[in-house]
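Keeping their order, the protein sequence lines are chains A and B. The first sequence stops at residue 974 when you use this note's numbering, and every number in between is there. The second sequence stops at residue 162 when you use this note's numbering, and every number in between is there. Don't be surprised by glycine CBs; every beta carbon is placed ideally from N, CA and C. The block underneath contains the structure these notes are about, expressed in structure tokens.
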Amino acid sequence: MAKAELKIIGSSPARMGGVDRVVGRGVYGIDLMLKDQLHGAILRSQYAHAKIVSIDTSEARKIPGVHAVVTAEDAPNVRYGRSYIDRHILARGKVRFMGDPVAAVAAESPAIARQALKKIKVVYEPLPVVIDPEEAIKADAPTLHDDMPLPKTIPADAGLKNICGHTVVHIGDAEKAMAEADLVVDEVYETKMIHPQYLEPRIAAAQMEPNGRLTVWANAQAPFPVRQEVAKTLGLPLNNVRVISAGLGGGFGGKGSGITSGAAVEPICGLLALKAKRPVMIVLDKAEETISTTIRSAAKMYIKTGVKKDGTIVARTGKVFYDAGGYSGFGVQAGGRCTNMLGGWYLMPNCHIEGYTVYTNKQVCGPVRGPGGPQAAFAVESHMDSIAAKLGMDPTEFRLKNIPKAGDKIVGVPKLRDVSLGETIRIAKEKIGWGKVKLEKNQGMGIATGSWIESAGPGGGSIIKVNEDGSVTVHIGKIDMGTVPGFGIPMIVAEELGIPVSDVTVVNVDTDASPWDAGTVGSRGILVSGGASRLAAIDARTQLFKMAARKLEASPDDLEIVDKQIRVKGTPAKSVPLATVATDAHNVIGEVIGRGYCDNLELMAEEKAHGSSQPFTTHACIVEVSPDTGNVKILKYVAVHDIGQPIHLAAVEGQIEGAAAMSIGQALCEQVVFDKNGRTLNPSFVDYLMPTINMMPRIETTLVHGYPGSGPYGAKGAGEIACVPPMACIANAIFNATGVRINKLPLSPENVLRGLKEAGKA
Amino acid sequence: MSLTVNTTINGQAVSASAEASTSLLEFLRDTLEMKGSKLCCNTGECGACTVIYNGKPINSCVTMAADANGAEIITIEGLADGDKLHPVQQAFIDTGAVQCGYCTPGYIISVKALLDRTTKPTAEDIEEAVSGNICRCTGYNKIVDAIHLAADRIAGRA
Numbered sequence: 213m214a215k216a217e218l219k220i221i222g223s224s225p226a227r228m229g230g231v232d233r234v235v236g237r238g239v240y241g242i243d244l245m246l247k248d249q250l251h252g253a254i255l256r257s258q259y260a261h262a263k264i265v266s267i268d269t270s271e272a273r274k275i276p277g278v279h280a281v282v283t284a285e286d287a288p289n290v291r292y293g294r295s296y297i298d299r300h301i302l303a304r305g306k307v308r309f310m311g312d313p314v315a316a317v318a319a320e321s322p323a324i325a326r327q328a329l330k331k332i333k334v335v336y337e338p339l340p341v342v343i344d345p346e347e348a349i350k351a352d353a354p355t356l357h358d359d360m361p362l363p364k365t366i367p368a369d370a371g372l373k374n375i376c377g378h379t380v381v382h383i384g385d386a387e388k389a390m391a392e393a394d395l396v397v398d399e400v401y402e403t404k405m406i407h408p409q410y411l412e413p414r415i416a417a418a419q420m421e422p423n424g425r426l427t428v429w430a431n432a433q434a435p436f437p438v439r440q441e442v443a444k445t446l447g448l449p450l451n452n453v454r455v456i457s458a459g460l461g462g463g464f465g466g467k468g469s470g471i472t473s474g475a476a477v478e479p480i481c482g483l484l485a486l487k488a489k490r491p492v493m494i495v496l497d498k499a500e501e502t503i504s505t506t507i508r509s510a511a512k513m514y515i516k517t518g519v520k521k522d523g524t525i526v527a528r529t530g531k532v533f534y535d536a537g538g539y540s541g542f543g544v545q546a547g548g549r550c551t552n553m554l555g556g557w558y559l560m561p562n563c564h565i566e567g568y569t570v571y572t573n574k575q576v577c578g579p580v581r582g583p584g585g586p587q588a589a590f591a592v593e594s595h596m597d598s599i600a601a602k603l604g605m606d607p608t609e610f611r612l613k614n615i616p617k618a619g620d621k622i623v624g625v626p627k628l629r630d631v632s633l634g635e636t637i638r639i640a641k642e643k644i645g646w647g648k649v650k651l652e653k654n655q656g657m658g659i660a661t662g663s664w665i666e667s668a669g670p671g672g673g674s675i676i677k678v679n680e681d682g683s684v685t686v687h688i689g690k691i692d693m694g695t696v697p698g699f700g701i702p703m704i705v706a707e708e709l710g711i712p713v714s715d716v717t718v719v720n721v722d723t724d725a726s727p728w729d730a731g732t733v734g735s736r737g738i739l740v741s742g743g744a745s746r747l748a749a750i751d752a753r754t755q756l757f758k759m760a761a762r763k764l765e766a767s768p769d770d771l772e773i774v775d776k777q778i779r780v781k782g783t784p785a786k787s788v789p790l791a792t793v794a795t796d797a798h799n800v801i802g803e804v805i806g807r808g809y810c811d812n813l814e815l816m817a818e819e820k821a822h823g824s825s826q827p828f829t830t831h832a833c834i835v836e837v838s839p840d841t842g843n844v845k846i847l848k849y850v851a852v853h854d855i856g857q858p859i860h861l862a863a864v865e866g867q868i869e870g871a872a873a874m875s876i877g878q879a880l881c882e883q884v885v886f887d888k889n890g891r892t893l894n895p896s897f898v899d900y901l902m903p904t905i906n907m908m909p910r911i912e913t914t915l916v917h918g919y920p921g922s923g924p925y926g927a928k929g930a931g932e933i934a935c936v937p938p939m940a941c942i943a944n945a946i947f948n949a950t951g952v953r954i955n956k957l958p959l960s961p962e963n964v965l966r967g968l969k970e971a972g973k974a
Numbered sequence: 005m006s007l008t009v010n011t012t013i014n015g016q017a018v019s020a021s022a023e024a025s026t027s028l029l030e031f032l033r034d035t036l037e038m039k040g041s042k043l044c045c046n047t048g049e050c051g052a053c054t055v056i057y058n059g060k061p062i063n064s065c066v067t068m069a070a071d072a073n074g075a076e077i078i079t080i081e082g083l084a085d086g087d088k089l090h091p092v093q094q095a096f097i098d099t100g101a102v103q104c105g106y107c108t109p110g111y112i113i114s115v116k117a118l119l120d121r122t123t124k125p126t127a128e129d130i131e132e133a134v135s136g137n138i139c140r141c142t143g144y145n146k147i148v149d150a151i152h153l154a155a156d157r158i159a160g161r162a
């Protein structure tokens, strides 16, 4: 369908389920109440690193109202993990971070459950703690996992340890090119751990069915991986586990990596339900979540770039230390991504970067919104500004000098299809008033760009059932957490079937009924479920036209659907209601069922032939820095994005603004703070600072058109990329205001004031 | 120790027993099974549990159920008139301010309390009224749009 003919795509209809959410109907996991349910609670390690000498649960079991107490001994001795299979659902023999689950109870009330936890006696033998990845790789550091091998690319005699991921980027001859550069800039950047802090706590509920199956309710972004891992860790056949998605109150990747995300809350709950022979529900406390569930990792990045006098980049070298936490989690993938992105998204003829993902005694890395990207971009885009300053070049001109064009390669991407990077820079300059706005004292202007991945990844399907009234029911494997199932999918289906958006219902994921899917992760909702649903709708339409053609005595090729009427093109009077055809289907094929798939191999072949259509962005801001307090106030913030064809315009803007806000939070205030023993010092919302409305500027979003992506109608994923530029954007504006470069997040009043003082400017 | 709470919720007299340590949020969600008010931080920091208590927005997670005795409570469930949404509810839908929607009930309650006071809120009024309501999805743009749209509709300007 040509763009000019689109009726619904690109508009902003009311979100599916919007009314339920504004009137307070219980649609979230936390609102579940199973009949006769017990309350589960988890005992967590009080040491960041210790041997478990013994666990005595006898006193806890004696408490009236306690129905089950479980430890590792009650579960199969089976481990889970994504790259390194290195973790039990309940710690076995050893704990590796404070918050590691050790035991769990199910009781008649939350109060009894909490009381029972206190009666479980665990004897620990504390071990030395390491929380800094750079220290953890040294030969004399404590060993976190005795039986996990080093990655094969690291020589056994290198004297390194605790490494679970190793990524090497190698292009050309960086050493030689660096030696021939006119200017070499060598810097170090560091980001801190943040927690995604979705507002709805993690929950799990589980119940044994009379037929021996286990039903699990989870507010997880990836119900199918949860099913697989629950079955594996509890020793159940896959088809005896059913996972039902309870609505999600936010996720941001923090609920995205199977059972890793919730530190195995789903299988632990399942184990309790098996032992107690009653339904069990676990609701994590928010402070408990901050110390136990998956996070956006800290990264330390060494970055060195050689340039010619005219601003042409000739080489980059670097090193990344990416913090996996106590288990590998998503750290290998995120650390690899961070390492690649440290090579930047500009032309880079020579490059050598090594990235290490390292075990430390902290909580575990998850695929939190743009895993690895925001960290790398803080380094890359702060560094670009530093180089421009040393060259005496305008930061935007320096970037424009090095942007790739269609057909070029960048680090990690062999070929680009078309490149919106330059246009986003030019528009951002115009919107922020680059070189035009007169800045007052202590004010500065900054810019930073970004990019994110497109296409390759798991496929997914869509099944569309056309009901006899002409409404449709859509089954996909992605969950709604303010993302495509509630926004874009109904629009795509409505567009193709000529029905109102409100006639489309996208069903919550139920692994017994929904098509398999890797989960609502990686900005892939619109690409996978959007693309699949478009094809499924077209498939349904083809079936409807075939049946309607008989009735209308016309060729199926001559039909169209408009306003729920199937009619002969050019002869609107010759028509039949969609509902009639759908009803008549009962006596023909039973029901019109459209099927569609996102075929990953096709996407990859397309990308190989024509190049990647990945999105680019530029953010720019004006800040005011108080020389007295170090406080940074953002006065203006613009975000220019190429996300291809927007499907639901307001949802796309919302994704951009929300993602930017999360990284603005990380830039200005957010971090999980640890002491040297690995204890989290700010687990509750009282101490964990996040952006409130007072702190946030209005983010002025501009969408760039004309760069179609590989999603339906030319859409690109929009959920993560806006997380990429903000940290460097703000740091660059601070540099512009003060002449002081701050290389370590957060850009909090304390850190800014320290930077100003060290530079003799405060 | 359990006690009896006699209160008025959304105009209805309610009498139910609860443990002395029960918070108003637990009383609403667990005792009365009114799930609209949301549990999040449980420390009065995020605003997801906001209800109107004798005309003022409060965090129900750090208010005791016992304090509801004799009070007038309005929750998110009490705003719509049958199928007709309150203007604040409608504005949140119309502006795309409802992403995951988890902060939405608390937000709507805080905004209703604000617009009950003034239908011409300044930027400072808005900041003061909802600075205790954290939204992690929207970056706040669309929420601000919703507040202005609701104000305009209530005042007959839109």
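Taking residue i as the query, report the chain A residues whose CB atoms sit under 7 Å from its CB, ordered along the chain.
i	result
Cys31 (chain B)	Going by the sequence as given, residue 31 (chain B) is Phe instead of Cys. Neighbours of Phe31 (chain B) on chain A: none; closest Cβ ~14 Å, over 7 Å.
From the DSSP output, in three-state form, read off residue i for me.
i	result
Val239 (chain A)	coil
Arg414 (chain A)	coil
Cys810 (chain A)	strand
Gln655 (chain A)	strand
Lys60 (chain B)	strand
Met213 (chain A)	The pLDDT assigned to Met213 (chain A) is 45, lower than 50, so where the model puts this residue is not dependable, and the model offers no usable value.
Arg161 (chain B)	coil
Lys467 (chain A)	coil
Tyr900 (chain A)	coil
Ile711 (chain A)	coil
Cys141 (chain B)	coil
His382 (chain A)	strand
Ser257 (chain A)	coil
On the DSSP bridge list, what partners appear for residue i?
i	result
Leu372 (chain A)	A:Lys350
Val453 (chain A)	A:Leu426
Pro789 (chain A)	A:Gln777
Leu250 (chain A)	A:Val492
Arg508 (chain A)	A:Ile406
Gln16 (chain B)	B:Ile13
Phe886 (chain A)	A:Thr892
Tyr292 (chain A)	A:Arg299
Report the residue from the options whose alpha carbon sits nearest the alpha carbon of residue i.
i	options	result
Thr913 (chain A)	A:Lys467, A:Gly890, A:Gln867, A:Gly604	A:Gln867
Glu666 (chain A)	A:Ala940, A:Ala760, A:Glu932, A:Lys776	A:Glu932
Thr569 (chain A)	A:Ile599, A:Val592, A:Gly537	A:Gly537
Lys627 (chain A)	A:Trp557, A:Thr551, A:Leu901, A:Lys643	A:Trp557
Ile859 (chain A)	A:Met493, A:Val519, A:Pro702	A:Pro702
Ile675 (chain A)	A:Ala791, A:Ile615, A:Arg807, A:Lys617	A:Arg807
Lys848 (chain A)	A:Val835, A:Pro839, A:Tyr539	A:Val835
Ser21 (chain B)	B:Leu83, B:Ser114, B:Ala69	B:Ala69
Lys330 (chain A)	A:Glu347, A:Val380, A:Asp268, A:Glu337	A:Asp268
His152 (chain B)	B:Gln94, B:Cys104, B:Asp34, B:Pro109	B:Gln94
Arg746 (chain A)	A:Ala706, A:Pro784, A:Lys758, A:Ala760	A:Ala706
Val342 (chain A)	A:Lys973, A:Val335, A:Ala353	A:Ala353
Val290 (chain A)	A:His798, A:Leu446, A:Arg414	A:Leu446
Could you name the residues of chain A that residue i contacts, counting a contact when the two beta carbons are closer than 8 Å?
i	result
Ser135 (chain B)	Thr904, Ile905, Asn906
Pro125 (chain B)	In chain order: nothing, as chain A lies at least about 12 Å away.
Which chain A residues sit within Cβ distance under 9 Å of residue i?
i	result
Glu131 (chain B)	Thr904, Ile905, Asn906
For residue i, return the contacting residues in chain B, with the cut-off set at a CB-CB distance below 8 Å.
i	result
Pro413 (chain A)	Leu43, Cys44
If the cut is a Cβ gap below 7 Å, which residues of chain B does residue i touch?
i	result
Glu869 (chain A)	Thr142, Gly143, Asn145
Met693 (chain A)	Cys104
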